Every structure is written in structure tokens, then in C-alpha cells.
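Notes for the one structure printed next.
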Amino acid sequence: MGKSERRKMKERQTFVCDVLVIGGSLEGCIAALEVSREGKKVLLAEEGGALGGMASGGLMTYIPLQQADSAKVREYAENILRDASEQPGQSTEDCTLFNDQKLKVVLRRMLDAAGVTVLTHVYPADMLWREDASSKLPAGLRFCTKNGWLNVEASVVIDGTDLTEAGCMAGLAWKKGRGCAVAGVKFNGIGTDSLRLAAASILEETRESLTGTVVCGFSADRGDLKLYTERLLFLHSRCLGETVLYGLSADLKAVDCFTLSDARAGLRILAYRLRDWMRENLEGFGEADIIHVAPLISCYGLRIFDSNPYDTLILLNQHTKEYDNINAIAAGIEGAGKALGRIELG
168 MGKSERRKMK ERQTFVCDVL VIGGSLEGCI AALEVSREGK KVLLAEEGGA
218 LGGMASGGLM TYIPLQQADS AKVREYAENI LRDASEQPGQ STEDCTLFND
268 QKLKVVLRRM LDAAGVTVLT HVYPADMLWR EDASSKLPAG LRFCTKNGWL
318 NVEASVVIDG TDLTEAGCMA GLAWKKGRGC AVAGVKFNGI GTDSLRLAAA
368 SILEETRESL TGTVVCGFSA DRGDLKLYTE RLLFLHSRCL GETVLYGLSA
418 DLKAVDCFTL SDARAGLRIL AYRLRDWMRE NLEGFGEADI IHVAPLISCY
468 GLRIFDSNPY DTLILLNQHT KEYDNINAIA AGIEGAGKAL GRIELG
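Residue 168 is where the sequence shown starts when you use our numbering, and the numbers rise one by one after that.
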């Protein structure tokens, strides 16, 4: 979208498109790409300042190609692994990207090339509705922006958020799902041999990386929150000397902004207590130190929606119980197909 069109949008505070995608997660980005490549006008709206969601905000990107069950999913996965790799020419046989920041740039480049309009730092406020004598259907969203209010009118709304925010705004009933939020933490000072010795299982090993699980059994409480680690997934880069541990968990009694804020703070504290526990209890972990605690926590599966009566509202994570990148790509492709089908019906 050019400067003149952006200027007009600011003046009128309304944008009309074929498909609105809310949430710049990996699945949201894939859905936007798929729809735009069919010649439809697409706007992707993201609350934060970067794209990729858990794929780029969880400290690493793990995309096991062997789990891709369709040619299109595998093509997207291979392109991401190739374009966002740490080293030019790196083989896609290594399924882990430790430079998750590069994925944000790659996704934006892909969206720009496909002609998708991307807005960041915009916050969904209300559902827009289209009514006639026989029906009432979602027809876009109203967003709060730094410049005021923006109405985005669309034939179809695709929700790619982890908490399925558009589903809530549409008044759909949901039930509490798995009940815990999950985070990761990146370490240095942990050697490959020490990880192999501590591992409960080895899932994959290449020249560049080692992937497996480790059982820590460490827990701590923060007020009403139960914070714990059980079986953690680890992804270790030999060349970078970095290790990501994923699976730090916080049990949630509710799914609201206050509880989630407490969970983010609690999981950060848990990461440092875990570091101290590993130094004392795991052989070869004495020099382990934290590089970064994941800026995002995974809220996938906290809300489960049994039904969605609106064919103009597509919920990519309506039934998602746990996040993984291959399923995210597949969900984006499937959601785009549904959106295109609805547009064809008129």
C-alpha cells in the first residue's frame, strides 16, 4: 500500500478489504499470504510490533519437516528454514532456527511481496456486523490505533491469535482448555556432552544441533500461581553454544489479563530459579547462564471453542490445544481455503 492510500485511510479511518486477518502469528501470516496470492485484498493486523507470534517470539523456531503431511506445508516450511537460516546455504535438514529474529524480517518480506497490507500496534476493540432481514454476520473489526479509531470492513475475518480474540468479540461460547501458559528460556554455558548426559530422550541430532527432552522436576509458587517444570524440550546449537529450554509452565485459574500478566512475571522468575537448580543438580551445568527469557508466552489451548456459526469468521485456533509450527502452517493454509470459498459464494 502506497503513502497516498495510507494517508486516505488515516483521513477516513476506514479500510475496506476482502479478508481481514487478525494476529500476525505464523498461521495468520500464512493465511494472509495464501489469500493474497489468489488476487484478494488482504489486511493483516497485529497488536505487537513484529510478526511470527510464537514462531519468532519463543527464542527459536523448530520446524520438523518430517511432520509435514502435505506438499504445500512442506514447501512453506522449507522456504522458511532456507530464508531465515543463520548461515547462507544451510541445509534444511536442520529443523531449528536459533536466530528467531530473522524470521520476523522474512515473514514481512513475504507479505510485502504478496501485496498484503500489514498494520502493527493496532488493538482490536469491537466486531463490526453486517445485518439483513435473515442474518447477522461478522463483517470486520474496529481497532484502537495511536491515531484514533480504525474500522476495517471485510467480507471474511480470519482470527490467527492464540487466544482467539475475534471469537470472543463475536460472543462465541468457550471453555477453559489446558489451563497452563508455557514459556522458554535461552542459555549459554551448557555443553553438548552435558546435555546428552542429562537428556531423558534424544529426538534429533545433526552436525549443527541436538534436540531432546530433559526432566527437571523443579517447581515454585507465586501467589496463587503454580509454576513448574517437568519434561522440558531442549534445542541446542553446537556452533552458537546456545540452548533453548521450552516448557516452563504456569497453571492458570482464569484466562484474563491480570492472570496472564502475573504468569508472564512468574515465568521469568521461574527461569532464573531453574538456572540455579540446574547449576546445583545437573552435571556439567555449573556455568549455565541465561541469555534471554522468551518475550512471549504460549497461550494456545487456553480457550477452546466448541462451535462457530458464522461462515464469515474463521478461527484458526478454534480447536488448537498445543502450538507447533507445522500445524500452524497447515492451519493458515486451511483457513485461507475456507475464506476463499466463502468469498466465492458472495
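Ideal placement from N, C-alpha and C gives every residue a C-beta, glycine not left out.
Since this is a predicted model, take the numbers as computed values, not measurements.
Runs of beta strand (DSSP E) with 3 or more residues, each lying fully within the stretch 393-471, are found at 409-418, 456-460, listed in chain order. Within the DSSP secondary-structure output, M294 pairs in a beta bridge with L308. DSSP places G384 in the strand class (E or B) of the three-state scheme. Residue environment for R276: exposed (fewer than 16 other C-beta atoms within 10 angstroms of its C-beta). As the crow flies, the alpha-carbon of V186 is around 48 Å from that of M445.
Each residue's CA atom was taken as its position, placing G356 and C406 some 13 Å apart. Assignment of E320 by DSSP, reduced to helix, strand and coil, places it in the strand class. The alpha-carbon separation between L441 and F354 amounts to approximately 11 Å.
K342 places its beta carbon less than 8 Å from that of I471. As DSSP reads the structure, C184 sits in a beta bridge with A321. Closest in alpha carbon position to A455, among N318, A340, S361, is S361. Assignment of C262 by DSSP, reduced to helix, strand and coil, places it in the coil class. Straight-line measurement puts the Cα of A280 at about 15 Å from the Cα of A198.
Residue range 368-372 is occupied by the beta strand (DSSP E) that includes S368.
Our two residues, E242 and V349, have alpha carbons roughly 28 Å apart in a direct line.
Scanning E371, P462, A430 for the CA closest to the CA of Y395 turns up A430.
Using a Cβ distance threshold of 8 Å, T378 and T284 do not count as a contacting pair. Between I325 and A506, the gap from beta carbon to beta carbon is short of 8 Å. DSSP places A280 within a helical segment (H, G or I) once states are collapsed to three.
Counting the other CB atoms within 10 Å of its CB gives P305 a total of 16 or more, which places it among the buried residues.
For I500, the enclosing alpha helix (DSSP H) stretches over residues 492-512.
Note that the C-beta distance between I500 and K207 is not below 8 Å. Cβ-Cβ separation between K271 and A217: approximately 5 Å, consistent with a contact (criterion under 8 Å). Bridge pairing for R389: L392 [DSSP]. The C-alpha of T287 lies about 30 Å from the C-alpha of D418. For K313, no alpha helix (DSSP H) segment is defined, and its DSSP state is neither H nor E. Collapsing the DSSP output to three states places T331 in coil. Contact check for A438 and I457: beta-carbon distance about 6 Å, within the 8 Å limit, so the pair qualifies.
S203 and A340 have their C-alpha atoms some 30 Å from each other. Between T410 and the set H459, Y290, F385, F425, the nearest pair of CA atoms involves H459. Assigned with DSSP and collapsed to three states, K269 falls in helix. Counting of Cβ neighbours within 10 angstroms places I189 among the buried residues, the total reaching 16 or more. In the displayed model, G219 falls within a strand according to three-state DSSP.
One Cα belongs to W316, the other to L211, and the distance between them is close to 16 Å. C466 is the residue among C466, N448, S223, A333 whose C-alpha sits nearest the C-alpha of T487.
Distance from G351 to L278 at the Cβ level is roughly 25 Å; contact not present, criterion being Cβ atoms closer than 8 Å.
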